[in-house]
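**Student:** So the sequence shown is numbered by the numbering used here: it starts at -17 and just counts up by one. All C-beta atoms, glycine included, are put in the ideal place defined by N, C-alpha and C. Here it is: the structure, laid out below.
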Amino acid sequence: MPDIDIRKLQQGDRRSLAKAITLVESKRDDHRQQAQEVLEQILPFSGNSIRIGITGIPGVGKSTFIEAFGLHLIRQGKKVAVLAVDPSSPVAGGSILGDKTRMEELSRQEQAFIRPSPSEGSLGGVAHKTRETMLLCEAAGYDVILVETVGVGQSEYEVASMVDFFLVLMLPNAGDELQGIKKGILELANALVINKADGESINLAKQTQQHYQNAFHLLQSSSFWLPRVMSCSALEQKNIADIWEMVLEFYKAAKENGFFEQHRREQNSQWMKKLLHEMIELRLNQNQQIRLLSQKLQQDVIQGNCTPYAAAKQLVEKL
Ligand SMILES: Nc1nc2c(ncn2[C@@H]2O[C@H](COP(=O)(O)OP(=O)(O)OP(=O)(O)O)[C@@H](O)[C@H]2O)c(=O)[nH]1
Ligand SMILES: [Mg+2]
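Okay, here's the thing in structure tokens:
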């Protein structure tokens, strides 16, 4: 693995950035070590961005929205990175990559950087890599990071836990209460955006918007920010500017009242805990003696010969 030129990366050199990301995504132990060194060096230059998570069911228009939104941001003078946490990518061959056709214009922009989801690893692993990639992009001067995920399994929770602003796209379909969106997701959302508010769907989109506005008023929120409900047409690029204005409004308020930094600190602390758990589990599985003991204790617990507490304690002490 060639050396990464940190200075060039910081100057926004795309090749250096791409190489650093490849290093971060590598599974080889020596690469991981190198990647951590790179991350430590760039850490002081990361963090200067707005991180926006975008989710929604397949076909809702995420890619089309990101194309329109990203182009708008670039017109505002921003540099935009598009990343993905996509649990299905090994099967779909990395859907966001195949999607470059839907982000055709954006992918041609000098001010945009589009990176598909890492194709290997468990969801947790993929999500860690996306977090680290996000830091690299920030060090390279990208000031808006868009993280896309399709609403499958835990991926939305993973994305929500790494971004400043979580946006859920929905379809104009007021009748269909939750549109396959899990209830917990709505509680994480900072904004719901009804996409495809165009053509014959305009009225339906308005009704849907009203429906969710009412629903959010019923949700008790202790946060300073009551989730917004908006509508847009990604295809016709309508209301895209308003959505960015809303994000900026959130950003300004969150910066002023300290929520922004506090939220990131909490996310980092959670991330550390998660990594710790994963590393402990990895250690457990790497050591054959402990692995065998773990299997034996598991049986003991199942058969009621040992309490879960005693078993866990014994393993930790062995470690
Ligand atoms: N009428 C209308 N169609 C749209 C709009 N946005 C997206 N579409 C269409 O909806 C279809 C799906 O759009 P995508 O952007 O690929 O949706 P996605 O959410 O990225 O889908 P997955 O990647 O499969 O999860 C495409 O045919 C788009 O042209 C919109 O605002 N209005
Ligand atoms: Mg897509």
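1. Can you tell me whether Ala235 is buried or exposed, with buried defined as 16 or more other CB within 10 angstroms of its CB?
2. Give the single residue among Ser143, Gln271, Tyr233 whose Cα lies nearest to the Cα of Gln249.
3. Buried or exposed: Glu238, going by 16 or more other Cβ atoms within 10 Å of its Cβ?
4. For Phe147, which beta-bridge partners are listed by DSSP?
5. Thinking Asn172 and Leu149 are a contact (beta carbons under 8 Å), I'd like their distance in whole angstroms, please.
6. Rounded to whole angstroms, what is the Cα-Cα separation between Gly75 and His110?
7. Give me the DSSP bridge partner(s) of Ser213.
8. Helix, strand or coil for Val283 per DSSP?
9. Is the separation between the beta-carbon of Pro100 and that of Glu7 shorter than 8 Å?
10. Which residue wins for smallest C-alpha separation from Arg90, given the options Gly107, Thr115, Thr112, Val64?
11. With 16 as the cutoff for other CB atoms within 10 Å, does Gly135 come out buried or exposed?
12. Contact check, Ile176 vs His54 under 8 Å by CB: the rounded distance?
13. Tell me whether Lys188 counts as near ligand 1, meaning its Cβ is closer than 7 Å to at least one heavy atom of that ligand.
14. Under a Cβ-count criterion, where at least 16 other Cβ atoms within 10 Å of its own Cβ denotes burial, should Gly59 be classed as buried or exposed?
15. Which residues share a DSSP beta bridge with Ala94?
16. Any idea what DSSP makes of Ala208, helix, strand or coil?
**Tutor:** Result, derived from the coordinates:
1. Stepping through the sequence shown from its first residue, residue 235 is reached at position 253. So Ala235 counts as exposed.
2. Here the question's residue 249 lines up with position 267 in the sequence shown. Nearest option by C-alpha distance: Ser143.
3. Residue numbering aside, residue 238 sits at position 256 when the sequence shown is read from its first letter. Exposed: under 16 other Cβ atoms inside 10 Å.
4. Your numbering for residue 147 matches position 165 in the sequence shown. Note: Phe147 sits in a beta bridge opposite Ile34.
5. On the sequence shown, residue 172 is found 190 positions in, with the first residue counted as 1. On the sequence shown, residue 149 is found 167 positions in, with the first residue counted as 1. Between Leu149 and Asn172 the Cβ distance is about 7 Å, and since that is below 8 Å, they are a contact.
6. Position 93 of the sequence shown, counted from the start, is the residue given in the question as residue 75. Position 128 of the sequence shown, counted from the start, is the residue given in the question as residue 110. The pLDDT assigned to Gly75 is 43, lower than 50, so where the model puts this residue is not dependable; a value taken from the coordinates is nonetheless given after this. The straight-line gap from Cα to Cα measures roughly 20 Å.
7. Against the sequence shown, residue 213 aligns to sequence position 231. According to DSSP, which records beta bridges pairwise, Ser213 is partnered with Ile176.
8. Residue numbering aside, residue 283 sits at position 301 when the sequence shown is read from its first letter. Reduced to three states, the DSSP call for Val283 is helix.
9. Walking along the sequence shown from the start, residue 100 turns up at place 118. Walking along the sequence shown from the start, residue 7 turns up at place 25. Taking 8 Å as the Cβ cut-off, Pro100 and Glu7 qualify as a contacting pair.
10. Within the sequence shown, the letter at position 108 stands for residue 90. Ranked by how close their Cα comes to the Cα of Arg90, the residues Gly107, Thr115, Thr112, Val64 have Val64 in first place.
11. Taking the first residue of the sequence shown as position 1, residue 135 is located at position 153. Around the beta carbon of Gly135, fewer than 16 other beta carbons sit within 10 angstroms, so the residue counts as exposed.
12. The residue labelled residue 176 in the question sits at position 194 within the sequence shown. The residue labelled residue 54 in the question sits at position 72 within the sequence shown. About 18 Å separates the two Cβ atoms, so there is no contact after all.
13. Along the sequence shown, read from residue 1 onward, the residue named residue 188 stands at position 206. Flag unset: Cβ of Lys188 not near ligand 1.
14. Counted from its first residue, the sequence shown places residue 59 at position 77. It is exposed - the Cβ of Gly59 has fewer than 16 other Cβ atoms within 10 Å.
15. On the sequence shown, position 112 is the one that residue 94 refers to. Answer by DSSP bridge pairing, in chain order: Val62.
16. Start at 1 with the first residue of the sequence shown, and residue 208 comes out as number 226. First, the amino acid is wrong: residue 208 is Leu here, not Ala. Correct three-state label for Leu208: coil.
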